[in-house]
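Going by my numbering, the first residue of the sequence shown is number 1, and it counts up by one from there.
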Amino acid sequence: MAQATARHWNVRPLRDGEFEQLSQHMAEGSFQQSLGMRDMAQSHGARTSLVGVVDEHDEPVAGAMIAYTPSRFGPVGSVWAGPLCDPDDPDMVSAVSEAILADGRRHHALSISCWPNDVYRRHHSDGSADGAADGALMRDYAHAHWRHQGFGTGYDSVMNRWVYVKDLSGIGDERALLGSYSKRTQWSVKRARSMGVVVREVGEDQFGVFARIEQQTAERRRFAFRGEQYFHDFARAFGDRAHFMIAYIDTTRYLESMQRKADDLRSLVESIGAKMQARETTKLRRRYNEESSNLAAANKRLQAARELATRGALLPAACSLFVEHPNEVVYLFSGSLEEFKPFYASALIQ
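Structure (structure tokens):
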């Protein structure tokens, strides 16, 4: 055990249970600083350490999971979404940084990078700033000998610095949740439901389907595809905290929906036609022509639904991976098939 420079704290390695308790109970905790992520990193060849800061009772008050990956000149350390410490306490930031530095030296690391799970600046959905940047956060880490590498944009190869967070405060049920989204999103969700889209959680036997959707999405949007094995490893590392979801088109439901719409329009056209026989007006003729056109389009969609049904009962259209943590549920991966874009399956799975 090493003496930390700040107050009465000491630094030492943390046991698995100690670290998981920190992750689950600290405000900065996330799935990326958890035993699941430790196991995931190890399965992909990384060496890992759990380091921490303890008080005078030997109780952990801060910590970090460090993953060391090989590079051409030596190991490189990473603290994803960490460390776990109070960012408003400069002494604690320095103490946990000291623990990380000491561990890095033991591993002969060339460098260690961290991505603190702290808010530097909030923004509205339109991208405009919501309040001032947290300059103290940057100063505290700089004082602890970290050097900021600047803010990036787009898909980062390691960590995205921009994270969209949906605040669920005051939302108690599915109806309220749907109502909290934009009118466009609400329409997309209702559209997906009317098109026979259903969402199912899947096991590893369906990861091939999941991976194929992800791969096509990666190629279309130009980001790296990790391969099917990555998802198997993730499922084994996180267990029941990882939820692999696939949105399918239930072709029977879709066909029934299209049949109902066509039948309703046919009845409407026949009703307008009967009124016209009794007394035709310009208004009735205009409406008859309009609804007849809608009926022709509905019959075309009905025929397309019949053809789609010949391809199977459930057709995968979109997928997502959600990860649970006491502080949050993370929408980690998503993908969709361009062929089924008109079904808005992604809106329903999100």
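Glycine included, C-beta positions come from ideal geometry on N, C-alpha and C. All values reported here derive from a predicted model rather than from experimental measurement.
Bridge partner(s) assigned by DSSP for residue i
{"i": "C319", "result": "I246, G335"}
{"i": "A129", "result": "H123"}
{"i": "I66", "result": "S49"}
{"i": "R77", "result": "Residue 77 is actually Gly in this sequence, not Arg. BP columns for G77 point to Y68, I112."}
{"i": "R200", "result": "I246"}
{"i": "L84", "result": "G63"}
{"i": "E328", "result": "H325"}
Distance CB(residue i)-CB(residue j) smaller than 7 Å
{"i": "A109", "j": "P83", "result": "no"}
{"i": "R38", "j": "M65", "result": "yes"}
{"i": "G63", "j": "G77", "result": "no"}
{"i": "A317", "j": "A247", "result": "yes"}
{"i": "V163", "j": "A242", "result": "no"}
{"i": "L50", "j": "L22", "result": "no"}
{"i": "G127", "j": "I213", "result": "no"}
{"i": "L321", "j": "E291", "result": "no"}
{"i": "A99", "j": "T69", "result": "no"}
{"i": "N117", "j": "E28", "result": "yes"}
{"i": "Y254", "j": "A305", "result": "yes"}
Helix, strand or coil at residue i [DSSP, three-state]
{"i": "G239", "result": "helix"}
{"i": "G351", "result": "It is not possible to answer for residue 351, since the shown part of the chain is limited to 1 through 350."}
{"i": "M314", "result": "Reading off the sequence, residue 314 comes out as Leu, not Met. Note: L314 maps to strand in three-state DSSP."}
{"i": "R12", "result": "strand"}
{"i": "V269", "result": "helix"}
{"i": "V96", "result": "helix"}
{"i": "V54", "result": "strand"}
{"i": "K166", "result": "coil"}
{"i": "Q21", "result": "helix"}
{"i": "F234", "result": "helix"}
{"i": "G227", "result": "coil"}
{"i": "S194", "result": "helix"}
{"i": "H44", "result": "coil"}
{"i": "G150", "result": "coil"}
Below-7 Å beta-carbon distance, residue i vs any chain D residue
{"i": "A218", "result": "As a matter of chain content, chain D is missing from the structure shown, which is built from one protein chain."}
| request: Determine, using beta-carbon pairs with one atom in the segment 267-279 and one in the segment 329-346, whether at least three such pairs fall under 8 Å. | output: no
| Inter-stretch contact (C-beta, 8 Å, three-pair minimum) for the segment 298-308 and the segment 251-266 | yes
| Three or more beta-carbon pairs under 8 Å between the segment 189-209 and the segment 226-238, yes or no? | yes
| query | Using 8 Å as the threshold, is the segment 126-145 in touch with the segment 86-100, meaning 3 or more CB pairs across them? | reply | yes
| Taking three-plus beta-carbon pairs below 8 Å as touching, is the segment 216-231 in contact with the segment 20-35? | no
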